[in-house]
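Taking it in order: structure first as structure tokens, then the write-up.
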Amino acid sequence: MDMDELTNIAQQEQAKEAQYVHRARVCTATGCLSIGSEAVKEALEQHATAKGKQHCLVMGVGCMGLCGAGPLVSIDPANVLYQQVTADDATAIIDSLGDEPIERLRCDTSAPFFTRQLKIVNENSGIIDPEHIESYIAHDGYSALAKALTELSPNDLIHEITTSGLRGRGGAGYPTGLKWSTVAKTPNATKYVVCNGDEGDPGAFMDRNVMESDPHRVLEGMAIGAYAVGASYGYVYVRAEYPLAVERINKAIRQAEKNKLLGKNIFGTPFSFDVEVRLGAGAFVCGEETALMASIEGKRGTPHPRPPYPAESGLWGYPTLINNVETFANIAPIIRKGGDWFAGIGVGRSRGTKVFALSGKINNIGLIEVPMGISLHDIIYEIGGGIPDGRTFKAVQTGGPSGGCIPSEHLDVPVDYESLKALSSVMGSGGMIVMDDTSSMVDVARFFMEFCMSESCGKCIPCRVGTVQMHHILTKFSEYHGAQADLDLLERLCDMVKYTSLCGLGQSAPNAVVSTLRFFRDEYEARMSDTMSEMEGTHG
Amino acid sequence: MRTQAPPIDPPSDDKRWRIINAAMRRHGYAPRALIETLNSVQQAFGYLDEASLRYVSSALHVPLSKTYGVATFYHFYTLKPSGKHTCVVCLGTACYIKGSDQILRALSEHFDVAVGQTTADNALSLMTARCIGSCGLAPAGVIDNVVAPRLTEDGVIAKVEEIITDGHG
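Chains as they are written, first to last, in the numbering used here: chain Z, 100 to 639; chain E, 756 to 924.
This is the structure in structure tokens:
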């Protein structure tokens with residue numbers, strides 16, 4: 100493979116698509132598939148073929164974002180989006196091509212849900228066919244890898260990533276350029292690259308979407324990372340609960356190998372890189388990098404203290420670059436368009452965009468990608484379309500079990516790493532769950548504590564025992580049996596577990612309690628057994 | 756790294772052991788292949804019994820205690836066979852906010868089975884998931900490996916009744 104061949108493949112694929120008068124793209128990511136998009140696709144194909152050979156190309160594509168209104172079908176070049184399509188609608192859709200669109204099925208793409216988004220990670224999602232490498236190549240795929248290998252040195256690459264200001268999208272926000280340069284500087288002939296696809300936060304499906312909708316983007320980002328740090332082998336660690344993501348990543352690896360975009364001497368350079376998928380076997384703690392590597396090594400996924408950091412001593416003791424799926428998905432566009440371009444998006448120390456999975460009590464449920472610095476208010480009321488059923492907004496939970504609940508008085512906060520942290524929450528991996536006035540914040544805190552309690556690996560005592568004790572106390576409040584002494588103890592436990600646990604799971608386990616105690620203390624106080632009757636409505 | 760076949764025979768002459776042997780061979784029978792191997796046993800047989808744990812341990816030269824440790828650490832593995840049908844209720848945050856805990860309770864009461872257990876007649880296993888990532892379809896579940904969107908108490912009970920009856924019919 101060289102640059103000319105890559106351009107050739109891209110042109111051929113573009114010409115192939117252009118042969119057709121119309122193109123119908125059907126979402127075949129998990130969300131839409133589970134409500135029947137495969138049948139929709141088959142029906143569309145059947146009717147399209149009946150109309151003649153080059154009338155309409157029916158493509159299976161990745162997620163288009165508005166998962167709550169699936170199955171989604173987009174029509175090109177008419178630029179029409181249909182929602183809640185069934186197989187029975189296929190005839191009407193094909194018949195209407197080139198004519199007036201079907202209003203009954205139409206989804207308004209001029210709504211803020213679509214116009215307020217800015218897509219970098221998901222730029223191909225819903226447009227390309229994730230199961231065909233040619234489709235990715237036709238949309239600039241692997242051109243960043245070609246540029247990196249033939250025009251740039253590893254140092255140039257690291258400089259570009261540092262300039263971009265990209266920070267880890269797995270939640271902690273560690274500067275990616277700094278991480279890459281640390282691994283690059285560690286002298287060792289053997290190094291590894293690991294992609295963390297163990298998306299364990301409940302309510303988060305951003306990484307699954309990237310792997311299902313645009314798997315080659317992840318591989319390209321990993322290959323560029325491997326070249327920058329001097330690694331020649333990589334692992335993609337994916338949850339076993341994501342069978343379609345596993346299947347598509349595996350397929351992408353085979354296609355890339357076949358096209359010599361993975362393997363030996365890529366683009367005729369001395370650089371070689373192979374990738375293998377490893378399945379997570381269902382343990383939340385394996386999202387923590389040292390636990391994840393223990394799992395790849397075939398062991399129980401228990402974390403170990405850092406330092407040594409994986410950059411110095413990771414997989415089997417070798418220097419290892421470990422980044423999240425979304426982080427790797429940002430790499431190719433940064434190399435194509437330059438670090439300065441990326442740094443021009445966002446605010447403060449948070450640059451670029453972030454993908455969020457918007458769900459819960461909100462009108463528009465689905466995946467969104469927004470520039471850093473957008474306010475929570477805009478996400479919830481503009482993009483999200485507000486709260487359904489005439490209820491009122493109460494809180495938004497960000498960051499999964501490591502995050503906290505943000506109340507309405509703080510909705511003007513810009514979404515960036517530092518601002519969310521200041522509100523006892525975290526950016527996290529991108530789950531964003533909206534709650535209305537029917538949700539009890541004590542129950543939510545208890546829900547997350549139960550999660551942390553059962554997912555604690557048991558290695559360190561503060562997390563193993565502390566989460567059980569906190570859950571016990573929260574259950575008392577949940578059942579209206581709390582007491583002032585319980586509240587005091589709960590606050591002490593929050594501090595103790597936060598500051599003495601070994602890994603991120605324990606250190607962030609109290610966040611849900613801390614933030615609900617900070618913003619919704621009255622709900623705890625209203626659930627004390629001794630004061631229940633007179634507390635009603637007097638605190639707030 | 757050893758690359759030859761394990762010195763012991765599989766627990767039975769079931770053909771599925773070939774899949775497991777192939778998984779171990781692919782990794783050169785190295786101890787690091789433990790999780791990959793257990794994944795293949797879980798997928799081929801649906802659970803890990805004592806005989807399979809012993810076999811994998813000796814083939815990969817991993818102490819049985821370690822194999823048992825790994826098998827009980829990860830949620831993906833089960834040590835008991837599941838019922839004829841399975842119903843998984845997602846307890847992810849988005850589903851929880853929309854009442855999946857009540858749906859789970861209703862299923863448990865209606866079919867007289869504790870969460871994580873199988874009914875006495877082996878017809879149904881009632882399980883939970885941390886998050887199946889179908890938050891757009893909340894509350895969601897997985898009935899016999901098919902994602903079931905927007906569950907209601909009555910709807911899911913009827914649906915499960917239906918697959919149980921059909922399965923026996």
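Beta carbons: idealized from backbone N, C-alpha and C, even for Gly.
Any residues in the segment 561-592 of chain Z with a beta carbon nearer than 7 Å to a beta carbon of chain E? Which ones, in chain order? Answer in chain order: no residues at all.
Let's see if you can read the secondary structure: which residues bound the alpha helix (DSSP H) around MET569 of chain Z? Working through the first sequence from its first residue, we reach residue 569 of chain Z at position 470. Boundaries of the alpha helix (DSSP H) around MET569 of chain Z: 560-577.
Spell out the partners DSSP gives THR537 of chain Z in its beta bridges. For the purposes of this step, residue 537 of chain Z is identified with residue 438 of the first sequence, where counting begins at 1. Answer is none; THR537 of chain Z lacks a bridge partner.
Under a Cβ-count criterion, where at least 16 other Cβ atoms within 10 Å of its own Cβ denotes burial, should TYR273 of chain Z be classed as buried or exposed? Here residue 273 of chain Z refers to the residue found at position 174 when the first sequence is read from its first residue. With fewer than 16 Cβ atoms within 10 Å of its Cβ, TYR273 of chain Z is classed as exposed.
Going straight from the alpha carbon of ILE790 of chain E to that of ALA625 of chain Z, what length do you get? Locating residue 790 of chain E in the second sequence gives position 35, where the first residue counts as 1. Locating residue 625 of chain Z in the first sequence gives position 526, where the first residue counts as 1. Taking the straight line from one Cα to the other gives about 48 Å.
Residue from E:VAL844, E:HIS865 and E:ASP921 with nearest C-alpha to SER855 of chain E: Mapped onto the second sequence, residue 855 of chain E falls at position 100. The alpha carbon of SER855 of chain E has as its nearest neighbour, out of E:VAL844, E:HIS865 and E:ASP921, the alpha carbon of E:VAL844.
Local Cβ density within 10 Å of TRP772 of chain E, reported as buried at 16 or more and exposed below that: One-based indexing of the second sequence puts residue 772 of chain E at position 17. It counts as buried.
To be precise: take each residue of the segment 438-470 of chain Z, compare its Cβ to all Cβ atoms of chain E, and keep it if any distance is under 8 Å. Which residues remain? Of all residues in the segment 438-470 of chain Z, those with a C-beta nearer than 8 Å to a C-beta of chain E are ALA456, SER458, GLY459, LYS460, ILE464 and GLY465, reading in chain order.
Beta-carbon contacts of VAL825 of chain E that lie in its chain and below 7 Å, excluding the five residues immediately before and after: As a working mapping, residue 825 of chain E is identified with position 70 in the second sequence. Hits under 7 Å: LEU789, ILE790 and LEU793.
Give the C-beta separation of CYS556 of chain Z and VAL384 of chain Z to the nearest angstrom, bearing in mind that I take them to be a contact with Cβ-Cβ under 8 Å. Sequence index remark: in the first sequence, residue 556 of chain Z carries index 457 (1-based). Sequence index remark: in the first sequence, residue 384 of chain Z carries index 285 (1-based). The Cβ separation is near 5 Å, so the contact holds.
Buried or exposed for THR432 of chain Z, please, with buried defined as at least 16 other CB atoms from any protein chain shown within 10 angstroms of its CB. The count along the first sequence starts at 1 and reaches residue 432 of chain Z at position 333. Here residue 432 of chain Z turns out to be Pro, not Thr, going by the sequence shown. PRO432 of chain Z counts as buried, since no fewer than 16 other beta carbons sit within 10 angstroms of its beta carbon.
Proximal residues of chain Z, C-beta to C-beta of ARG787 of chain E below 7 Å: Here residue 787 of chain E is taken as the residue at index 32 of the second sequence, counted from 1. Those are GLU396 and GLY397, listed as they occur along chain Z.
From the DSSP secondary-structure annotation, give me the bridge partner or partners of MET531 of chain Z. Along the first sequence, read from residue 1 onward, the residue named residue 531 of chain Z stands at position 432. According to DSSP, which records beta bridges pairwise, MET531 of chain Z is partnered with Z:LEU457 and Z:THR497.
Using a beta-carbon distance below 9 Å, is MET534 of chain Z in contact with chain E? Numbered from its first residue, the first sequence carries residue 534 of chain Z at position 435. Judged by the 9 Å Cβ criterion, MET534 of chain Z is in contact with chain E.
Indicate whether at least one CB of chain C lies closer than 9 Å to the CB of PRO301 of chain Z. In the structure shown, chain C does not exist; the protein chains are Z and E.
Going by DSSP, what residues sit across from THR123 of chain Z in a beta bridge? The residue given as residue 123 of chain Z occupies position 24 in the first sequence. Here residue 123 of chain Z is Ala; the residue named in the question, Thr, does not match the sequence. Bridge pairing for ALA123 of chain Z: Z:VAL157 and Z:ILE174 [DSSP].
Within a Cβ cutoff of 6 Å, which residues of the same chain sit near ILE348 of chain Z, ignoring the five residues on either side of it in sequence? The sequence position of residue 348 of chain Z within the first sequence is 249, counting from 1. Non-local C-beta neighbours of ILE348 of chain Z in its own chain, meaning closer than 6 Å and more than five positions away in sequence, comprise MET310, PRO314, VAL335 and VAL376, ordered along the chain.
Under 7 Å Cβ-Cβ, which residues of chain Z neighbour TYR829 of chain E? Residue mapping note: residue 829 of chain E aligns to position 74 of the second sequence, counting from 1. What TYR829 of chain E touches in chain Z: ALA380, GLY381 and ALA382.
Should MET882 of chain E and CYS850 of chain E be called a contact, given that it needs their Cβ atoms to be closer than 9 Å? For the purposes of this step, residue 882 of chain E is identified with residue 127 of the second sequence, where counting begins at 1. For the purposes of this step, residue 850 of chain E is identified with residue 95 of the second sequence, where counting begins at 1. In this structure, CYS850 of chain E does not lie closer than 9 Å to MET882 of chain E by Cβ.
Going by DSSP in three states, ASN429 of chain Z sits in which element: helix, strand or coil? The residue you call residue 429 of chain Z lines up with position 330 of the first sequence. In the structure shown, ASN429 of chain Z sits in a helix (DSSP, three-state: H, G or I).
Hey, ILE572 of chain Z and PRO513 of chain Z: beta-carbon distance below 9 Å or not? Here residue 572 of chain Z refers to the residue found at position 473 of the first sequence. Here residue 513 of chain Z refers to the residue found at position 414 of the first sequence. In this structure, ILE572 of chain Z sits away from PRO513 of chain Z, with a CB-CB distance that is not shorter than 9 Å.
DSSP beta-bridge partners for PRO506 of chain Z? For this step, residue 506 of chain Z is matched to residue 407 along the first sequence. Bridge partners of PRO506 of chain Z: Z:ALA494.
Three-state secondary structure (DSSP) at GLY917 of chain E? The residue given as residue 917 of chain E occupies position 162 in the second sequence. Before going on, a small fix: residue 917 of chain E reads as Glu here, not Gly. In the three-state DSSP reduction, GLU917 of chain E falls in the helix class (H, G or I).
Through-space distance from ALA128 of chain Z to VAL139 of chain Z, alpha-carbon basis: Position 40 of the first sequence, counted from the first residue, corresponds to residue 139 of chain Z. Position 29 of the first sequence, counted from the first residue, corresponds to residue 128 of chain Z. Cα-Cα distance, rounded: 13 Å.
Span separating the alpha-carbon of ARG781 of chain E from that of LEU361 of chain Z: Residue numbering aside, residue 781 of chain E sits at position 26 when the second sequence is read from its first letter. Residue numbering aside, residue 361 of chain Z sits at position 262 when the first sequence is read from its first letter. Taking C-alpha positions only, ARG781 of chain E is separated from LEU361 of chain Z by approximately 20 Å.
So ALA114 of chain Z is in the alpha helix (DSSP H); what residue range does that whole segment cover? For this step, residue 114 of chain Z is matched to residue 15 along the first sequence. 102-117 is the span of the alpha helix (DSSP H), which, as asked, contains ALA114 of chain Z.
Whose Cβ in chain Z lies nearer than 7 Å to the Cβ of SER889 of chain E? Position 134 of the second sequence, counting from 1, holds the residue named residue 889 of chain E. The answer, in chain order, is THR129, GLY130 and SER133.
Do you know offhand how far LEU601 of chain Z's Cα is from GLY386 of chain Z's? For the purposes of this step, residue 601 of chain Z is taken as the residue at position 502 of the first sequence. For the purposes of this step, residue 386 of chain Z is taken as the residue at position 287 of the first sequence. Rounded to the nearest angstrom, the gap between the Cα atoms of LEU601 of chain Z and GLY386 of chain Z is 14 Å.
Would you identify the three-state DSSP class for ASN50 of chain Z, choosing helix, strand or coil? Not covered by the structure: residue 50 of chain Z. The range shown for chain Z is 100 to 639.
Beta-carbon proximity of THR285 of chain Z to PRO418 of chain Z, cut-off 9 Å: Position 186 of the first sequence, counting from 1, holds the residue named residue 285 of chain Z. Position 319 of the first sequence, counting from 1, holds the residue named residue 418 of chain Z. In contact: THR285 of chain Z and PRO418 of chain Z (Cβ atoms closer than 9 Å).
Please list, in chain order, the chain Z residues whose beta carbon lies closer than 8 Å to that of ASN877 of chain E. Here residue 877 of chain E refers to the residue found at position 122 when the second sequence is read from its first residue. Residues of chain Z passing the Cβ test: none, with the nearest at roughly 24 Å.
Hey, could you find the ends of the alpha helix (DSSP H) ALA861 of chain E is sitting in? Within the second sequence, the letter at position 106 stands for residue 861 of chain E. Per DSSP, ALA861 of chain E belongs to the alpha helix (DSSP H) from 855-865.
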